[in-house]
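Heads up, the sequence shown is in the working numbering, so the first residue is 171 and it goes up one at a time. For each residue, glycine too, the CB sits at the ideal point set by N, CA and C. In this text the structure is predicted, and so the values were computed from the model without any measurement.
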Amino acid sequence: MKNPFRLAILISGRGSNMTALAEAIVCGDIPNAEIVIVISDNPDANGLAVCRERGIKTTVIERRERSRKDHDADIVTALHSEKVDLVCLAGYMRVLSPSFIEAFRNRILNIHPSLLPSFPGLDAQQQALAHGVKWSGCTVHFVDESLDGGPIIAQRVVPVLDDDSVASLSIRILEQEHLLYPEAVALIASGKYQISDRRVVGLSKATHIR
Ligand code: GRF
Numbered sequence: 171m172k173n174p175f176r177l178a179i180l181i182s183g184r185g186s187n188m189t190a191l192a193e194a195i196v197c198g199d200i201p202n203a204e205i206v207i208v209i210s211d212n213p214d215a216n217g218l219a220v221c222r223e224r225g226i227k228t229t230v231i232e233r234r235e236r237s238r239k240d241h242d243a244d245i246v247t248a249l250h251s252e253k254v255d256l257v258c259l260a261g262y263m264r265v266l267s268p269s270f271i272e273a274f275r276n277r278i279l280n281i282h283p284s285l286l287p288s289f290p291g292l293d294a295q296q297q298a299l300a301h302g303v304k305w306s307g308c309t310v311h312f313v314d315e316s317l318d319g320g321p322i323i324a325q326r327v328v329p330v331l332d333d334d335s336v337a338s339l340s341i342r343i344l345e346q347e348h349l350l351y352p353e354a355v356a357l358i359a360s361g362k363y364q365i366s367d368r369r370v371v372g373l374s375k376a377t378h379i380r
């Protein structure tokens with residue numbers, strides 16, 4: 171059996187997507203993978219307590235007065251020292267510097283609570299309600315230098331109801347996020363995909379090119 175696929179997760183807060191990934195690994199939905207480190211820029215992130223309960227290694231790397239580049243350099247050093255294969259952003263509230271993205275080109279994923287390319291950036295659920303869309307959802311995508319604009323790996327759709335508030339729509343989307351992120355990570359960890367221009371295509375066993 172191959173060595174386990176080594177995941178790092180970056181959080182800033184609640185960490186429910188991080189928890190969903192941890193559960194998916196435990197129950198075998200992301201086969202042969204392990205979370206080797208959870209990094210938070212926020213020492214008060216609730217997700218850190220979840221990691222302590224589950225015995226997942228954590229590191230807090232605060233930005234403080236440093237430049238984004240210097241902060242990210244420390245994170246990249248931590249990721250390299252853990253020999254990380256894939257970085258999952260899960261409610262990580264900072265934009266990554268170009269040098270971070272370059273260090274892990276096509277090896278950083280993010281989850282966003284809208285059907286990208288609609289409603290990138292902050293407050294995606296509020297943006298969806300304000301625009302009046304009838305369907306929204308969530309997206310897992312590769313992180314590149316654009317704002318929530320990297321190649322899309324997977325999406326799930328939810329209805330927007332007439333009486334939705336930001337809170338009710340967010341809950342409906344979050345339920346789907348917790349299913350979508352493990353599916354997307356399982357695909358990337360399997361290596362059975364190709365990126366062709368912007369299109370991320372899963373390869374079934376029959377078509378897998380060796
Ligand atoms: C999620 O809605 C995710 O899509 C967005 O930030 C939120 C993080 O929630 N990027 P959690 O910390 O995973 O609970």
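Taking 9 Å as the cut-off, decide whether the C-beta atoms of residue i and residue j are in contact.
i      : j      : result
Leu292 : Leu256 : no
Arg238 : Ser267 : yes
Ile179 : Ala260 : yes
Asn212 : Met171 : no
Pro283 : Ala300 : no
Leu177 : Val371 : no
Ile205 : Val230 : no
Val254 : Ser269 : no
Gly183 : Ala215 : yes
Ala298 : Phe312 : no
Cys258 : Ile226 : no
Please report the residue range of the alpha helix (DSSP H) in which residue i lies.
i      : result
Leu317 : Element bounds for Leu317: n/a, residue is neither H nor E.
Val196 : 186-196
Val220 : 216-224
Ala260 : It is not in any alpha helix (DSSP H) - Ala260 carries neither H nor E in the DSSP assignment.
Leu299 : 294-301
Val246 : 238-251
With DSSP collapsed to three states, give me the class of residue i.
i      : result
Ile379 : Reliability fails at Ile379, whose pLDDT of 48 lies under 50, so the model's placement of it is uncertain and the value that follows must be treated cautiously. Coil, per DSSP.
Tyr351 : helix
Phe274 : coil
Ala359 : helix
Ile323 : strand
Pro290 : coil
Pro329 : strand
Arg369 : strand
Ser269 : helix
Leu339 : helix
Leu124 : Absent from the model: residue 124. The displayed extent of the chain is 171 to 380, so no value can be given.
Run the proximity test for residue i: is its beta-carbon closer than 8 Å to any non-hydrogen atom belonging to the ligand GRF?
i      : result
Pro213 : no
His311 : no
Ser340 : yes
Gly291 : no
Ser237 : no
Asn202 : no
Gly319 : no
Ile365 : no
Gly185 : yes
Ser306 : no
Tyr347 : It is worth fixing the name first, because residue 347 is Glu in this sequence and not Tyr. Glu347 Cβ: within cutoff of the ligand GRF.
Ser182 : yes
Ile343 : yes
If we define contact as Cβ-Cβ less than 9 Å, is residue i a contact residue for chain D?
i      : result
Leu373 : In the displayed structure, chain D is absent; only one protein chain is listed.
Where do the N-terminal and C-terminal ends of the beta strand (DSSP E) with residue i fall, by residue?
i      : result
Leu180 : 175-181
Ile205 : 203-210
Ser306 : 305-312
Val230 : 228-230
Just to confirm, does residue i get its C-beta within under 8 Å of one of the non-hydrogen atoms of the ligand NAD?
i      : result
Ala260 : As presented, the structure is devoid of the ligand NAD, carrying the ligand GRF as its sole ligands.
Sufficient close CB pairs (3 or more, under 8 Å) joining the segment 320-335 to the segment 297-306: Enough Cβ pairs lie closer than 8 Å, so yes.
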